[in-house]
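These notes are about the structure you will find just below.
Residue numbers (my numbering), protein chains in the order written: chain F, 1 to 765; chain W, 1001 to 1155; chain S, 2001 to 2300.
Next up, the structure:
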């Protein structure tokens, strides 16, 4: 195979200039002629009946164009999976922050002032905040429009779990708890909407435009042709922008106002009313044989849905199943309950449930290793999934370098020496592994695949029209590299469009680790199609057969006459040849052999599976509990890495975000109200918290990925928190089964341990 | 009451009419159309709105426009001169120090202020200088490398 | 008030006072504005006329031949980098250096930090530990209060209507003085203070006997505090590990910490105070000890 020229190279982002010069237009930057501003009035009650809304005073404020409530909206139900969303609260508010009314005015201040004049008569209802409490038979309903608080129940069994436990030398059971982690994208959620002749255009920093359009159709009960979504630049998503309740709301405001409307959430609103990660209680029981082989795994998950479902239904399924591709689990049993509570809706966060479950499983692996007297490295190598495996759920592992990743981080981090004698007090080192899907079929509303268009312009430049968009992770760059590679043109000559659903095909967007994988295949197919057209045009020009024409390093060559032509020339000829058609290659990729889990939850679900191993080193001040993440060594198997500089960037960013999850981030709720809706008290790692990070790539080309590539952006967060928790255990012998591991909890645990030791000594003495 | 303020924005004289409580962030973005400076939190916690005022890194969300009389304001839009990128901008691009790009303008301005005072900052110097700029995408590693490398890029 | 607010830029203290008296509660004194603007944005404080203090020359300087005078509107960034403050009141430079972020330090002032009157005001402990006094100006003239008495309760200071804080005076410290400030937070930046501590120790001119000790804390009570029992036990003695621990225990005893679910529990705070007090006492003594011995007994 020829050496890659563009794929695999450390190239700058294709949209560097716009971002670096401040001209990239994000959702918060959208300005439209005649645009008005909207503000949302939100429920101050966690659960309340809405008896009456009086908008008269608000409407009379000078500058107010419209005041909108549920009475002005279609009474429809919509949602990503379960249709439990509506425009504004109809007769019941389900959480503090729930949307009750909206005001449109000439400026934000006026809209805000007017919204405070809307009189809402509430009748508070009993609210339920704890999912475990919510499952009790006498618990109040979080939502009166449901029959019960459990909105989804799942159960999956493979193999013989009972027998597995019987055969185990060691069995351990533990309860792990994960709370709310907020995506903390620096750009808050924003949307602009404009109706023209019955057609709606939305501008939004949305990760998954196609999915939002589907929801808009359900919401307005209008066919999809009436809607257009233009994806702006996105200031970070991390899952939190894959479903925007603002989209139908702002569309409604614009309709009522008869003018374009933009709504930008304040940061406080974004904390209250976006969609943080799904908190989970995970009761995990695992059994291992003498040699460390895992013989059985039994899991019970209780997940906090919040007031609406959005992606939480998918998240709990992923939490239940995905980790079973990490190790060679044969006997597994998992039960899950997704439970409504009167708190903010929870949904997708990088890792999508897999992050939460890995924390539990990777913590458990260390515990089992210790009880068996086996090294944490050995137990992982013994159980590691290998290339060619078919997992308990029927997932086919086309490539896997997990064992190599483990060996790599062990070597680079000097694991053996650091675990040996002579180590400093308060220092610890821990390992965790992770995996994630790479092109998941479950996330694809139109079936697993992707399509794109590649145009060649008359000046030789190449224009890629992607259907997958870019959330800031560098998707456009990957697409440009792939197109440049196929066509043999310089990377600098390739431009990639902003996603506009009127222009591009349907895509999935940044969910299910879809973009580089299936998206990349789509781009490649389109580039190949464009290549075909170029050859067709050249052959027409030269009057020879297409078989005699080659595209070599961006030039068309007649292999017989040895004439050559720039691709721009061929494109110009094509225009002439067709009476005006610009040279366009349209291609699609339809994945074979994978599908969303069937009713038995069995079958291969993803193009590929990515793997990683992370080793974390921590340093703890034993007197104050202060903890520093000193170093993180990461080895990733993402197959052929398309852009190493930005693949590293994903790992570096994932490590900081995982560090936040492990050590400092948590939405604190009291009676359903978030107590820390700002960046002072919701602690996201700063530049001063940043550890040493080393990233290594150990993957081999995957048979199913474009150019052999696999995903990296989600898997990069998955091993981080458990690696840190394991390092903490190594440092101080305390096992934290819930996060974040704050200095206060560390000190409390050290003191408790000390009391235990002293108590035991007293007994002996 | 409206006040007419004359100041300098990116080397050009500017006259603006503002109410006393209008922030510089609001004026830059909504009155002058300079949307490169971003809204991230409105409470000075994230640094996305960092601009330079007489060379000092101010969070525009906590800076009143009415106080800008006669001051020299620099935003990201003024970094490149006639299409030629500032060395910091080139460094960020070369080192992969940006992903989504939303926090980038604020980071660039804080970095510019740092390098003007300290042309050869250590890693710790950079970390302190940008501690007030939260980035959720990059993990800071390449940002710090780019800022340290920028003085070597010349231009 | 939204479109009726006025903006004033007095250049003299008297002008500012006159405006304050004329407009009363309808006017807001503004130094850096970093706290006030957030209060207004978040609805805790109503918008009003703005009396911008940053053009007053006489409150913007660090001066003084013996005692150190710091004007109310001196920027935290300037306090952090002032060579004199670094030399004579290192704890104050250290405190200024960890308020917020660089962006906040080039806008914010110590006057604003103190007037905001929060128990976590980072500049308060060093001022307390320096025996600082605060100069207040009002229509009826000037008065001076110990810095320790300035903050009465969270968000409540001693200023009467029509008064403003104009400056700080720190008495010249004995030559062999060492001071240190620590701010205990979970991340390495940006957090609100969980505990802060300022310790200043003056050693005898010729021996290492502690002649004077000052220990002050932030976020350890509803207001910043000094812990005099701890100070008393240190004074007149040479520092030993045992003495440091004894003093640290006394510091803990004088604190009135409370639980904060988003920051830290009272018990954790007490544990940390004990450790940090001990470490700071050692460090302050070490820094004082670095100053050359010699000179007359009159010095202390």
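Glycine included, each C-beta is placed from N, C-alpha and C at the ideal position.
Computed from a predicted model, the values in this text were never measured in an experiment.
Looking at the C-beta of residue 2082 of chain S, does it have a partner C-beta in chain W at a distance below 8 Å?
Here residue 2082 of chain S refers to the residue found at position 82 of the third chain. It does not: the Cβ of residue 2082 of chain S has no partner Cβ on chain W nearer than 8 Å.
Let me know the secondary structure DSSP gives residue 1050 of chain W once reduced to three states.
Residue numbering aside, residue 1050 of chain W sits at position 50 when the second chain is read from its first letter. Residue 1050 of chain W: strand per DSSP, three-state reduction.
With 16 other CB atoms within 10 Å as the buried threshold, where does residue 132 of chain F fall?
Stepping through the first chain from its first residue, residue 132 of chain F is reached at position 132. It is exposed - the Cβ of residue 132 of chain F has fewer than 16 other Cβ atoms within 10 Å.
Taking Cβ positions only, does residue 689 of chain F come closer than 8 Å to chain S?
Residue 689 of chain F sits at position 689 when you count from the first residue of the first chain. With 8 Å as the cut-off, residue 689 of chain F counts as an interface residue toward chain S.
Does the region 221–240 of chain F touch the region 500–515 of chain F, meaning 3 or more C-beta pairs lie closer than 8 Å?
Touching, yes.
Does any residue of chain F bring its CB to less than 8 Å from the CB of residue 1103 of chain W?
For the purposes of this step, residue 1103 of chain W is taken as the residue at position 103 of the second chain. With 8 Å as the cut-off, residue 1103 of chain W counts as an interface residue toward chain F.
Would the region 515–526 of chain F count as touching the region 578–588 of chain F if we require 3 or more Cβ pairs under 8 Å?
With a cut-off of 8 Å, the region 578–588 of chain F and the region 515–526 of chain F count as touching, because enough Cβ pairs lie within range.
Once you ignore the five residues that flank residue 337 of chain F on each side, which residues in its own chain have a CB closer than 6 Å to its CB?
As a first step, residue 337 of chain F must be located in the first chain, where it is residue number 337. Counting only Cβ-Cβ distances below 6 Å, and skipping sequence neighbours, we find 150, 153, 302.
Using a Cβ cut-off of 8 Å, which residues of the region 2268–2283 of chain S contact any Cβ in chain F, in chain order?
Listed by position along the chain: 2268, 2271, 2272, 2275, 2276.
If you measure beta-carbon to beta-carbon, which residues of the region 1064–1076 of chain W are closer than 7 Å to chain S?
Here the close residues are 1064, 1066, 1067.
Between the alpha carbons of residue 1141 of chain W and residue 1105 of chain W, how many angstroms are there, rounded?
Mapped onto the second chain, residue 1141 of chain W falls at position 141. Mapped onto the second chain, residue 1105 of chain W falls at position 105. Computed Cα separation, rounded: 17 Å.
Along the region 2189–2205 of chain S, where does the CB come closer than 8 Å to a CB of chain F? Name the residues.
Going along the region 2189–2205 of chain S in chain order, one finds 2189, 2190, 2191, 2192 with a Cβ nearer than 8 Å to chain F.
Suppose you measure from the CA of residue 269 of chain F to the CA of residue 97 of chain F; what does that come to, to the nearest Å?
On the first chain, residue 269 of chain F is found 269 positions in, with the first residue counted as 1. On the first chain, residue 97 of chain F is found 97 positions in, with the first residue counted as 1. So the alpha carbons of these two residues sit roughly 7 Å apart.
Determine the chain S residues that contact residue 664 of chain F at a beta-carbon separation under 7 Å, and present them in chain order.
The count along the first chain starts at 1 and reaches residue 664 of chain F at position 664. By Cβ distance, chain S contributes 2186, 2187.
Against chain W, with Cβ distances strictly below 8 Å, would residue 2300 of chain S count as a contact?
Along the third chain, one-based indexing puts residue 2300 of chain S at 300. Residue confidence is low: residue 2300 of chain S scores 45 on pLDDT, short of 50, so the model does not pin down where it sits. Its coordinate-derived value is still stated next. Chain W contact via Cβ: absent.
Whose C-alpha, out of F:123, F:238, F:581, F:253, is nearest the C-alpha of residue 73 of chain F?
Along the first chain, one-based indexing puts residue 73 of chain F at 73. The shortest Cα separation from residue 73 of chain F among F:123, F:238, F:581, F:253 belongs to F:253.
Let's test the definition: count the other Cβ atoms within 10 Å of the Cβ of residue 390 of chain F and tell me whether it reaches 16, buried, or not, exposed.
Taking the first chain and counting its residues from 1, the one referred to as residue 390 of chain F is at position 390. Looking at its Cβ environment, which holds fewer than 16 other Cβ atoms inside 10 Å, residue 390 of chain F is exposed.
For the region 2095–2113 of chain S and the region 2073–2083 of chain S, state whether three or more C-beta atom pairs, one from each stretch, are separated by less than 8 Å.
In short, these stretches touch, since the Cβ pair count reaches three.
Can you grab the Cα-Cα spacing for the pair residue 2094 of chain S / residue 2183 of chain S, in whole Å?
Here residue 2094 of chain S refers to the residue found at position 94 when the third chain is read from its first residue. Here residue 2183 of chain S refers to the residue found at position 183 when the third chain is read from its first residue. So the two alpha carbons sit approximately 9 Å from each other.
Got a sec: is the Cβ-Cβ distance from residue 2007 of chain S to anything in chain W below 8 Å?
The sequence position of residue 2007 of chain S within the third chain is 7, counting from 1. It does; some Cβ of chain W falls within 8 Å.
Name the chain S residues that come within less than 7 Å of residue 623 of chain F, Cβ to Cβ?
Counting from one through the first chain, the residue named residue 623 of chain F turns up at place 623. Those are 2275, listed as they occur along chain S.
Tell me which same chain residues have a C-beta within less than 6 Å of the C-beta of residue 568 of chain F, skipping the five on either side of it?
If you number the first chain from 1, residue 568 of chain F lands on position 568. Closer than 6 Å at Cβ, skipping near neighbours: 458, 459, 460.
Determine the contact status of residue 342 of chain F and residue 128 of chain F, defining contact as a CB-CB distance below 8 Å.
Working through the first chain from its first residue, we reach residue 342 of chain F at position 342. Working through the first chain from its first residue, we reach residue 128 of chain F at position 128. Result yes, Cβ atoms of residue 342 of chain F and residue 128 of chain F sit closer than 8 Å.
Can you grab the Cα-Cα spacing for the pair residue 1125 of chain W / residue 2031 of chain S, in whole Å?
Counted from its first residue, the second chain places residue 1125 of chain W at position 125. Counted from its first residue, the third chain places residue 2031 of chain S at position 31. Each residue's alpha carbon lies about 28 Å from the other.
With 8 Å as the threshold, decide whether the Cβ of residue 466 of chain F is near any Cβ in chain W.
Taking the first chain and counting its residues from 1, the one referred to as residue 466 of chain F is at position 466. Residue 466 of chain F does not count as touching chain W.
Could you check whether residue 468 of chain F and residue 496 of chain F sit closer than 8 Å to each other, using their CB atoms as the reference points?
Working through the first chain from its first residue, we reach residue 496 of chain F at position 496. Working through the first chain from its first residue, we reach residue 468 of chain F at position 468. Going by C-beta atoms, residue 496 of chain F is not nearer than 8 Å to residue 468 of chain F.
If contact means a Cβ-Cβ distance below 8 Å, which residues of the region 1031–1059 of chain W contact chain F?
Residues 1033, 1034, 1035, 1036, 1037, 1038, 1039, 1040, 1041, 1042, 1043, 1045, 1046, 1048.
Check this for me: beta carbons of residue 345 of chain F and residue 610 of chain F, under 8 Å apart or not?
For this step, residue 345 of chain F is matched to residue 345 along the first chain. For this step, residue 610 of chain F is matched to residue 610 along the first chain. Result no, Cβ atoms of residue 345 of chain F and residue 610 of chain F do not sit closer than 8 Å.
At 8 Å on the CB atoms, spell out the chain F contacts of residue 2261 of chain S, in chain order.
In the third chain, residue 2261 of chain S corresponds to position 261, counting from 1. Within chain F, the residues near residue 2261 of chain S are 668, 670, 675.
Grouping DSSP H, G and I as helix and E and B as strand, with all else coil, what is residue 2001 of chain S?
Taking the third chain and counting its residues from 1, one reaches residue 2001 of chain S at position 1. Because residue 2001 of chain S sits at a pLDDT of 44, beneath the cut-off of 50, its placement in the model cannot be relied upon, and the point is left open.
Give a yes or no on whether the minimum CB-CB distance between residue 2078 of chain S and chain F is below 8 Å.
Along the third chain, read from residue 1 onward, the residue named residue 2078 of chain S stands at position 78. Chain F, which has no Cβ nearer than 8 Å to the Cβ of residue 2078 of chain S, makes this no.
The ligand SAM and residue 2068 of chain S: does the residue's C-beta get closer than 7 Å to at least one heavy atom of that ligand?
The ligand content of the structure shown is nil, which means the ligand SAM is not present either.
Determine the closest residue to residue 10 of chain F out of F:575, F:246, F:647, with distance taken between C-alpha atoms.
Position 10 of the first chain holds residue 10 of chain F. The candidate whose alpha carbon is nearest that of residue 10 of chain F is F:647.
Could you compute how far the alpha carbon of residue 2293 of chain S sits from the alpha carbon of residue 2175 of chain S?
If you number the third chain from 1, residue 2293 of chain S lands on position 293. If you number the third chain from 1, residue 2175 of chain S lands on position 175. So the two alpha carbons sit approximately 9 Å from each other.
Which residues in chain F have a C-beta closer than 9 Å to the C-beta of residue 1004 of chain W? List them in chain order.
Looking up residue 1004 of chain W in the second chain gives position 4. By Cβ distance, chain F contributes nothing, its closest Cβ being about 20 Å from residue 1004 of chain W, past 9 Å.
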